[in-house]
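**Student:** Structure provided below as structure tokens; questions to follow.
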Amino acid sequence: MSHCNVPALIEAQVEMGSANEVEQKTLFKLEEDAKQAKEASLMEQGGSLSPTFPPHTTKSPKNTVLKSIRIVILSNKLNLLLPFGPLAILVHYMIDSKGWVFLLSLIGITPLAERLGYATEQLAFYTGPTVGGLLNATFGNVTELIISIFALKNGMIRVVQLTLLGSILSNMLLVLGCAFFCGGLVFHQKDQVFDKGLAVVNSGLLLMAVMGILFPAVLHYTHSEVHAGSSELALSRFSSCIMLIAYAAYLFFQLKSQSSSYSPLEEETNQNEEASSDEDPEISKWESIIWLSILTAWVSLLSGYLVDAIEGASVSWNIPIAFISVILLPIVGNAAEHAGAIMFAMKDKLDLSLGVAIGSSIQISMFAVPCCVVIGWMMGEQMDLNFQLFETAMLFITVIVVAFFIQEGTSNYFKGLMLILCYLIVAASFFVHEDPQQDGGI
Numbered sequence: 003m004s005h006c007n008v009p010a011l012i013e014a015q016v017e018m019g020s021a022n023e024v025e026q027k028t029l030f031k032l033e034e035d036a037k038q039a040k041e042a043s044l045m046e047q048g049g050s051l052s053p054t055f056p057p058h059t060t061k062s063p064k065n066t067v068l069k070s071i072r073i074v075i076l077s078n079k080l081n082l083l084l085p086f087g088p089l090a091i092l093v094h095y096m097i098d099s100k101g102w103v104f105l106l107s108l109i110g111i112t113p114l115a116e117r118l119g120y121a122t123e124q125l126a127f128y129t130g131p132t133v134g135g136l137l138n139a140t141f142g143n144v145t146e147l148i149i150s151i152f153a154l155k156n157g158m159i160r161v162v163q164l165t166l167l168g169s170i171l172s173n174m175l176l177v178l179g180c181a182f183f184c185g186g187l188v189f190h191q192k193d194q195v196f197d198k199g200l201a202v203v204n205s206g207l208l209l210m211a212v213m214g215i216l217f218p219a220v221l222h223y224t225h226s227e228v229h230a231g232s233s234e235l236a237l238s239r240f241s242s243c244i245m246l247i248a249y250a251a252y253l254f255f256q257l258k259s260q261s262s263s264y265s266p267l268e269e270e271t272n273q274n275e276e277a278s279s280d281e282d283p284e285i286s287k288w289e290s291i292i293w294l295s296i297l298t299a300w301v302s303l304l305s306g307y308l309v310d311a312i313e314g315a316s317v318s319w320n321i322p323i324a325f326i327s328v329i330l331l332p333i334v335g336n337a338a339e340h341a342g343a344i345m346f347a348m349k350d351k352l353d354l355s356l357g358v359a360i361g362s363s364i365q366i367s368m369f370a371v372p373c374c375v376v377i378g379w380m381m382g383e384q385m386d387l388n389f390q391l392f393e394t395a396m397l398f399i400t401v402i403v404v405a406f407f408i409q410e411g412t413s414n415y416f417k418g419l420m421l422i423l424c425y426l427i428v429a430a431s432f433f434v435h436e437d438p439q440q441d442g443g444i
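This is the structure:
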């Protein structure tokens, strides 16, 4: 190699090195762009709560009509109670015995409430965990809402108030108590733990609901209204609108909050991601929607007969309407939540149990109750938040007791037993309680 070619060779190597460097930078830039695009796609698909999980591709089953009926209707032993619904309608027109119509309707609605929960879970496979959690909460309480709207339509304001109150008490004491008790028996050698921060916020929301219900009652019983008879109703309607805004803000915070360290749905999202990897839906998206529509319509039909028979059942059985509304109706409506909360607790998933029991109570107190006030306003019914002194005191004490039990972030079978015993005291109290508004209020 001649000496004169050395500079040319060095220049050529420098040029090659520059070209390689440019190429590496270009490749690195392309990789960075692809990575950012992938992260943005995951954020859009998974929402702000689950950006680190890849989206689960759900296989939609192709079922015939008969197979779909077999899966939804014939796969559950509880569905053996379904014929009681049509039987209630038959008894209504043939014998017109209010006691029997009420009992048969009550039994007939029980499997429907459970199947509504099943159809919602199936639909949640296609919507993702965030929207699925919201759907579960909404359709979990659809039975109580439908019964309440029918009662409101018939002018039975006290039945609406007592049914919704009973559902809150049932979720907080009976459902949560059974979940703690059963979970504590399975894991008796340790205390089960759940998110302490979430429990505190839930307690705060329940106390806010109590405040909204308490003030109209206090205004009524202290006789301190500016305009007698109308101030209480006006305060109830204003408070209901505020509670609906607060519930909307709670949902926005729950579903869209950027704070990953504190997110009520984060635990559920993670566990749903794990579960979804080895579990696929049994029915398709449109099948789920159709079944939800059919089951909701059937619940609505039976609820009409159930509400019509409440007064007659109270007379024929010699049981106070307050006991029927607060204890019997909510137990049926909360059947799905009850089973779900216990199942999660026995799998040591206390955050999910708490989400079912306390989350359902929050939805009824912060959404269903004010929603019924607004619907009554539209119907021309004077539905207010004055639940009477006895009922309001019962709700206030219950929220305080539950707040104390969950403030530590731990649970065991003893705490569960205490909550169940508290519910038995509540049930006994309503059995001997005579509602003061017997004229025109029911």
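For the sequence shown, this note's numbering assigns the number 444 to the last residue and increments by one with no breaks. Glycine included, C-beta positions come from ideal geometry on N, C-alpha and C.
Are the CB atoms of L148 and T165 nearer to each other than 8 Å?
**Tutor:** For the record, residue 148 in the displayed sequence is Ile; it is not Leu. The answer is no: Cβ separation not under 8 Å.
**Student:** Contact between the region 398-409 and the region 233-242: three or more CB pairs below 8 Å?
**Tutor:** Not touching, per the Cβ criterion.
**Student:** Can you list, in chain order, the residues of its chain with a C-beta nearer than 6 Å to that of G185? Leave out the 5 residues immediately preceding and following it.
**Tutor:** Correct list, in chain order: Q194, A347 and M348.
**Student:** Beta carbon of G101, beta carbon of W319: below 8 Å?
**Tutor:** In this structure, W319 lies closer than 8 Å to G101 by Cβ.
**Student:** Relative to the alpha-carbon of V428, which residue among V358, L330, V161 and L209 has its alpha-carbon at the smallest distance?
**Tutor:** It is L330.
**Student:** Looking at I285 and N78, is the spacing between their C-beta atoms short of 8 Å?
**Tutor:** It is not a contact, given that the beta carbons lie outside the stated cut-off.
**Student:** Compute the beta-carbon to beta-carbon distance between N204 and S362, rounded to the nearest angstrom, for a pair I have assumed lies under 8 Å.
**Tutor:** 11 Å between Cβ atoms; not a contact.
**Student:** With DSSP run on the structure shown, which of helix, strand or coil describes S367?
**Tutor:** Three-state DSSP puts S367 in a helix.
**Student:** Rounding to the nearest angstrom, what Cα-Cα distance links H435 and V67 in this structure?
**Tutor:** The alpha-carbon atoms of H435 and V67 are separated by roughly 50 Å.
**Student:** Between L391, C374 and P283, which has its C-alpha nearest E383's C-alpha?
**Tutor:** It is C374 whose Cα lies nearest to the Cα of E383.
**Student:** Exposed or buried, what is F416 when buried is set at 16 or more other beta-carbons lying within 10 Å of its beta-carbon?
**Tutor:** Label assigned to F416: exposed.
**Student:** What three-state label does DSSP hand S413 in the structure shown?
**Tutor:** Reduced to three states, the DSSP call for S413 is strand.
**Student:** Is DSSP giving Q384 helix, strand or coil here?
**Tutor:** Q384: coil per DSSP, three-state reduction.
**Student:** At a cut of 8 Å, does the region 93-110 reach the region 118-125 through at least three beta carbon pairs?
**Tutor:** Flag = no, the region 93-110 and the region 118-125 do not touch.
**Student:** Answer with buried or exposed for F433, where buried requires no fewer than 16 other C-beta atoms within 10 angstroms of its C-beta.
**Tutor:** With fewer than 16 other Cβ atoms within 10 Å, it is exposed.
**Student:** Check whether the Cβ atoms of L387 and S242 sit closer than 8 Å, and answer yes or no.
**Tutor:** Taking 8 Å as the Cβ cut-off, L387 and S242 qualify as a contacting pair.
**Student:** Can you check DSSP and say which residues form a bridge with Q194?
**Tutor:** Per DSSP, S413.
**Student:** Can you grab the Cα-Cα spacing for the pair V202 / L178, in whole Å?
**Tutor:** Spanning the two alpha carbons is a distance of roughly 16 Å.
**Student:** State the start and end residues of the unbroken alpha helix (DSSP H) segment that holds F255.
**Tutor:** Start and end: S233 to K258.
**Student:** Which word fits T445, buried or exposed, when buried means at least 16 other C-beta atoms lie within 10 angstroms of its C-beta?
**Tutor:** With the chain covering only 3 through 444, there is no way to say anything about residue 445.
**Student:** Report all residues from its chain with a CB closer than 6 Å to the CB of E393; omit the five preceding and five following residues, and keep chain order.
**Tutor:** If we look at E393 and ignore the five residues flanking it on each side, its Cβ neighbours are L167.
**Student:** Whose CA, out of C424, S413 and I71, lies closest to the CA of K192?
**Tutor:** Cα-wise, what sits closest to K192 is S413.
**Student:** Measure the beta-carbon distance from Q365 to N143 and round it to whole angstroms, keeping in mind my assumption that it falls under 8 Å.
**Tutor:** Yes, they are in contact, since the Cβ atoms of Q365 and N143 sit about 6 Å apart, within 8 Å.
**Student:** Which of helix, strand or coil does DSSP assign to V434?
**Tutor:** Residue state, collapsed to three classes: coil.
**Student:** Which class does P372 belong to by DSSP, given the choice of helix, strand or coil?
**Tutor:** Helix at P372.
**Student:** Excluding the five sequence neighbours on either side, which residues of its own chain have a C-beta within less than 8 Å of the C-beta of E227, listed in chain order?
**Tutor:** Once the five neighbours on either side are set aside, the close Cβ partners of E227 are L221, S233 and E234.
**Student:** Under 8 Å between the Cβ atoms of L2 and T400?
**Tutor:** Nothing in the structure corresponds to residue 2, since the chain is present only between 3 and 444.
**Student:** For M245 and F255, I'd like the C-alpha separation in whole angstroms.
**Tutor:** Cα to Cα, the separation comes out at about 15 Å.
**Student:** Report, in whole angstroms, the separation of the C-beta atoms of C180 and G418, which I expect to be a contact under 8 Å.
**Tutor:** C180 to G418, Cβ: 7 Å. Contact.
**Student:** Can you tell me whether E227 is helix, strand or coil according to DSSP?
**Tutor:** In this structure, E227 counts as coil in the three-state DSSP scheme.
**Student:** Would S295 be called buried (16 or more neighbouring beta carbons within 10 Å of its own) or exposed?
**Tutor:** The residue in question, S295, is exposed, as its Cβ has fewer than 16 Cβ neighbours within 10 Å.
**Student:** Measuring CB to CB, does I312 end up less than 8 Å from I326?
**Tutor:** Contact flag set, yes.
**Student:** Have a look at P332 and A324 and give me their C-alpha separation to the nearest angstrom.
**Tutor:** C-alpha separation (whole angstroms): 12 Å.
**Student:** Quick check on DSSP: helix, strand or coil for S99?
**Tutor:** In the structure shown, S99 sits in coil (DSSP, three-state: anything other than H, G, I, E or B).
**Student:** State the start and end residues of the unbroken alpha helix (DSSP H) segment that holds M396.
**Tutor:** Start and end: L391 to I408.
**Student:** With a threshold of 16 other CB atoms inside 10 Å of the CB of G504, please say whether the residue is buried or exposed.
**Tutor:** Because the chain here runs from 3 to 444, residue 504 falls outside it and cannot be looked at.
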